[in-house]
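> Its first residue numbered 1, the sequence shown is counted upward by one per residue in the UniProt record's numbering. Below are the structure tokens for one structure; questions will follow.
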Amino acid sequence: MAVQSDILIPLPRDRDHKSAKPLHFIEELTLNTDPIQEKVLAQILSQNAHTEYLKRFHLNGATDRQTFKSKVPVVTYEDLQPDIQRIANGDRSPIFCSHPISEFLTSSGTSAGERKLMPTISQDMDRRQLLYSLLMPVMNQYVSGLDKGKALHFLFIKAETKTAGGLVARPVLTSYYKSEQFTKRPFDPYNVLTSPDEAILCQDSFQSMYTQMLCGLIMRHEVLRVGAVFASGLLRAIRFLQLNWEQLAHDIKTGTLNPKITEPSIKQCMSKILKPDPELADFITKECSGENWERIIVRIWPNTKYLDVIVTGAMAQYIPTLDYYSGGLPKPCTMYASSECFFGLNLKPMSQPSDVSYTILPNMGYFEFLPHDDSNPITLSKDSPPRLVDLADVELGKFYELIITTYAGLCRYRVGDILQVTGFHNSDPQFRFVRRKNVLLSIDSDKTDEAELQKATENASELLKEFNTSVVEYTSFADTKSIPGHYVIYWELLMKDSSCPPTEEVLNKCCLVMEESLNSVYRQGRVADNSIGPLEIRVVKNGTFEELMDYAISRGASINQYKVPRCVSFTPIMELLDSRVVSFHFSPAAPHWTPERRR
1 MAVQSDILIP
11 LPRDRDHKSA
21 KPLHFIEELT
31 LNTDPIQEKV
41 LAQILSQNAH
51 TEYLKRFHLN
61 GATDRQTFKS
71 KVPVVTYEDL
81 QPDIQRIANG
91 DRSPIFCSHP
101 ISEFLTSSGT
111 SAGERKLMPT
121 ISQDMDRRQL
131 LYSLLMPVMN
141 QYVSGLDKGK
151 ALHFLFIKAE
161 TKTAGGLVAR
171 PVLTSYYKSE
181 QFTKRPFDPY
191 NVLTSPDEAI
201 LCQDSFQSMY
211 TQMLCGLIMR
221 HEVLRVGAVF
231 ASGLLRAIRF
241 LQLNWEQLAH
251 DIKTGTLNPK
261 ITEPSIKQCM
271 SKILKPDPEL
281 ADFITKECSG
291 ENWERIIVRI
301 WPNTKYLDVI
311 VTGAMAQYIP
321 TLDYYSGGLP
331 KPCTMYASSE
341 CFFGLNLKPM
351 SQPSDVSYTI
361 LPNMGYFEFL
371 PHDDSNPITL
381 SKDSPPRLVD
391 LADVELGKFY
401 ELIITTYAGL
411 CRYRVGDILQ
421 VTGFHNSDPQ
431 FRFVRRKNVL
441 LSIDSDKTDE
451 AELQKATENA
461 SELLKEFNTS
471 VVEYTSFADT
481 KSIPGHYVIY
491 WELLMKDSSC
501 PPTEEVLNKC
511 CLVMEESLNS
521 VYRQGRVADN
531 SIGPLEIRVV
541 KNGTFEELMD
551 YAISRGASIN
561 QYKVPRCVSF
571 TPIMELLDSR
581 VVSFHFSPAA
591 PHWTPERRR
């Protein structure tokens, strides 16, 4: 099948064929994966042929894959940082891209070290908008009537900064919400929000959250889906409701706005929305004043069809809490994206979180894959460049690290995501997001990653079920002050029955279950080498991780993109966590290990 000339650019959405045309577009893309990838690479290399970066590798105008792969190295952010810093400092020469760098997109701010600055160009916004435009046509195949109501999505921006050279630096979602693609979007009955733009674009997180929650309550019968970007963001909204429902009910009862809301644009738009409604205020008081918050989402928003949140990767640990508050509503994960590039979408969004797979769209960038094997890691070197696999050539069941080349000039850049091939849609592969590549914990020769720590937490939390208790949040650090060092895990618990808390014996046993769940190198260190001490769980007060998020936001993290770090080492954060500890628990015995046992 021939590749259409317009396959690389956004298609206009015809209102008479709102779903059919985008779905046909997806079919065209996925039927022509390899030729589209070849064309994308040629476009990128042709567009950026005269940039300083590509000239270093002497492509001499070549746009074919073989030349590109043989001459351009695989790189990390650290490799590119000196050139990125030049742009940040004001160098406007074409270093990475022939198009002007319009701004920097920052990482979420929760990783170790300073936030990364990702150069982007104005044309990238059209590619992001294209991916957004495909989400609802896919969802409409599985959920009907989404054009008959509204979405209660808690969306936020953060204060942007400027580099020394005057370029704006901000998170990708802040960039999108401030763009004309969002602020001047045409009316779409499938994407009507309860939150006014004035609230979303307010930099004061309290005023923004308060207004969005207030509008969601006022329009509660119109709400068909509830969400945030990440699961943690939605749980933060529920916590906000728990803390502020009395004032919210007062505003609704009297038709007057909380005096803490001082933003003039919000006050003006709310004067048209907020009217006295004593009956609704009484309902909110009745639902929120009791201790039982189980199914609170469907109790307040009874027409909710699903939760629109990301629950893959590290967000998977929030699933039990979301189920508690929503009564087990579906949790579709619709898209896969990062600051560097928007990758693709989930063509079966109503699948279980554990079965979520993303289809990487071949027109979004040029994608390569580095085979990944934890037991036999590949060491990259300039003398022996790795053999990367093209998008159309990945193999079912295998694990890969994602490598991208973008229109903005990133070439063979290691994103750091580990993916597993789960299937194909036409000729286009589908991937399960496994984890970020970085190791979380290490005392000696042991290396524990995010997925392993998540699984250990899940296994240990099974012991809490008989006490109607679950782990709602956790983080960790490697305590090397003790000899030998040991893993410390901070747990925040949700107890549905405070009269029957987990016993000390059970919590101690949770430590042992976590150790049994860890890899053989760790267990060998515990049992044979005595290089690792007993694992420790520190239970913290309720609300501790909300304080941790507030602290991160105060230091520049984005409320939209914030994810609780699964490992911490920054002294103020450690001091905050330790000041909130209510009990300490240690593994009562060594985990099982024999030389023959391997994982």
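Note that CB positions come from ideal geometry on N, CA and C, so glycine has one too.
Name the DSSP beta bridge partners of T161, please?
DSSP output for T161 lists A169 as bridge partner(s).
> Which residues does DSSP list as the beta-bridge partners of Q420?
Q420 is bridged to F399 and R432.
> How would you write the range of the beta strand (DSSP E) that S476 sits in, first residue to last?
Where S476 is concerned, the enclosing beta strand (DSSP E) stretches over T469 to D479.
> To the nearest angstrom, report how far apart A199 and L45 are at their CA atoms.
Looking at the two C-alpha atoms, the distance is approximately 41 Å.
> Distance, Cα to Cα, P330 vs P278?
Looking at the two C-alpha atoms, the distance is approximately 32 Å.
> Helix, strand or coil: which one does DSSP assign to T110?
With a pLDDT of 32 at T110, under the threshold of 50, the modelled position of that residue is not reliable, and the figure given next carries that caveat. In the structure shown, T110 sits in coil (DSSP, three-state: anything other than H, G, I, E or B).
> Please confirm whether T194 and A408 have their CB atoms less than 7 Å apart.
Not in contact: T194 and A408 (Cβ atoms no closer than 7 Å).
> Tell me which residue opens and which closes the beta strand (DSSP E) that D64 is part of.
Element bounds for D64: n/a, residue is neither H nor E.
> Between T312, H250 and M213, which lies nearest to I300 when the distance is taken from Cα to Cα?
The shortest C-alpha separation from I300 is found at M213.
> Does any C-beta atom of chain D lie closer than 7 Å to the C-beta of M270?
Protein chain content of the structure displayed is limited to a single chain, and chain D is not contained in it.
> Whole alpha helix (DSSP H) runs in the stretch 298–343 with 4 or more residues, listed along the chain?
Taking only runs of at least 4 residues, the alpha helix (DSSP H) segments lying wholly in the stretch 298–343 are 319–326.
> Pick helix, strand or coil for T193, following the three-state DSSP scheme.
In the sequence on display, residue 193 carries Leu and not Thr. Of the three classes helix, strand and coil, the one that applies to L193 here is strand, per DSSP.
> What are the partner residues of A151, as DSSP defines its beta bridges?
In the DSSP output, where bridge partners are listed per residue, A151 has L193 and R225.
> Under a three-way DSSP split, which group does P119 fall into?
In the structure shown, P119 sits in a strand (DSSP, three-state: E or B).
> Mind checking whether V309 and A237 have CB atoms under 7 Å apart?
Not in contact: V309 and A237 (Cβ atoms no closer than 7 Å).
> With burial defined as no fewer than 16 other Cβ atoms inside 10 Å of the residue's Cβ, what is the status of D417: buried or exposed?
That one is buried.
> Excluding sequence positions up to five away, which residues of its chain have a Cβ less than 8 Å from the Cβ of V540?
So the qualifying residues of the chain are Y490, W491, E492, L577, R580, V581 and V582.
> Between which residues of its own chain and Q420 is the CB-CB distance below 6 Å, once the five residues before and five after are set aside?
For Q420, where only same-chain residues beyond five positions count, the Cβ hits under 6 Å are F399, R432 and V434.
> Which value, in whole angstroms, describes the spacing of the CA atoms of L345 and T405?
Spanning the two alpha carbons is a distance of roughly 19 Å.
> Using 8 Å as the threshold, is the stretch 549–561 in touch with the stretch 514–533, meaning 3 or more CB pairs across them?
Counting Cβ pairs under 8 Å, fewer than three are found: no touch.
> Just to confirm the assignment, what range does the alpha helix (DSSP H) spanning F206 have?
Its alpha helix (DSSP H) spans residues S205 to I218.
> Assuming S122 and K116 make a contact with CB atoms under 8 Å, what is their CB distance in whole Å?
Actually they are not in contact, since the Cβ atoms of S122 and K116 sit about 20 Å apart, beyond 8 Å.
> Rounded to whole angstroms, what is the Cα-Cα separation between D91 and G165?
Those two C-alpha atoms are separated by around 7 Å.
> Could you check the C-alpha separation between L241 and T63 for me, to the nearest Å?
The alpha-carbon atoms of L241 and T63 are separated by roughly 55 Å.
> Just tell me which of V394, E536 and N292 has its CA closest to the CA of A460.
A460 has its Cα closest to that of E536, out of V394, E536 and N292.
> If the criterion is Cβ atoms closer than 7 Å, does the pair T67 and F96 meet it?
Contact: no.
> Apart from the five residues just before and just after K518, which ones in its own chain have a Cβ nearer than 7 Å to its Cβ?
Going by the sequence as given, residue 518 is Leu instead of Lys. If we look at L518 and ignore the five residues flanking it on each side, its Cβ neighbours are T448, E452 and A456.
> Who pairs with I443 in a beta bridge, going by DSSP?
For I443, which the question treats as bridged, DSSP gives no partner whatsoever.
> Count the C-beta pairs between the stretch 130–150 and the stretch 16–35 that are closer than 8 Å, then say yes if the count reaches three, no if not.
Yes: at least three Cβ pairs fall under 8 Å.
> Is the stretch 243–255 touching the stretch 267–283 in the sense that three or more CB pairs, one from each, lie closer than 8 Å?
The stretch 267–283 vs the stretch 243–255: in contact.
> Hey, how far is the Cα of M209 from the Cα of Y522?
Each residue's Cα considered, the two are about 43 Å apart.
> Below 6 Å CB to CB, which residues in the same chain sit around S179 once its five sequence neighbours on both sides are set aside?
Same-chain partners within the cutoff: M125.
> Go to E462, then tell me how far its alpha helix (DSSP H) extends in each direction, as first and last residue.
Here E462 belongs to no alpha helix (DSSP H), and DSSP marks it neither H nor E.
> Could you tell me the boundaries of the beta strand (DSSP E) in which S583 lies?
From DSSP, the beta strand (DSSP E) with S583 extends over V581 to F586.
> Return the Cβ separation of D34 and D390 in integer angstroms, given the expectation that the two are a contact with Cβ distance under 8 Å.
Confirmed, about 7 Å.
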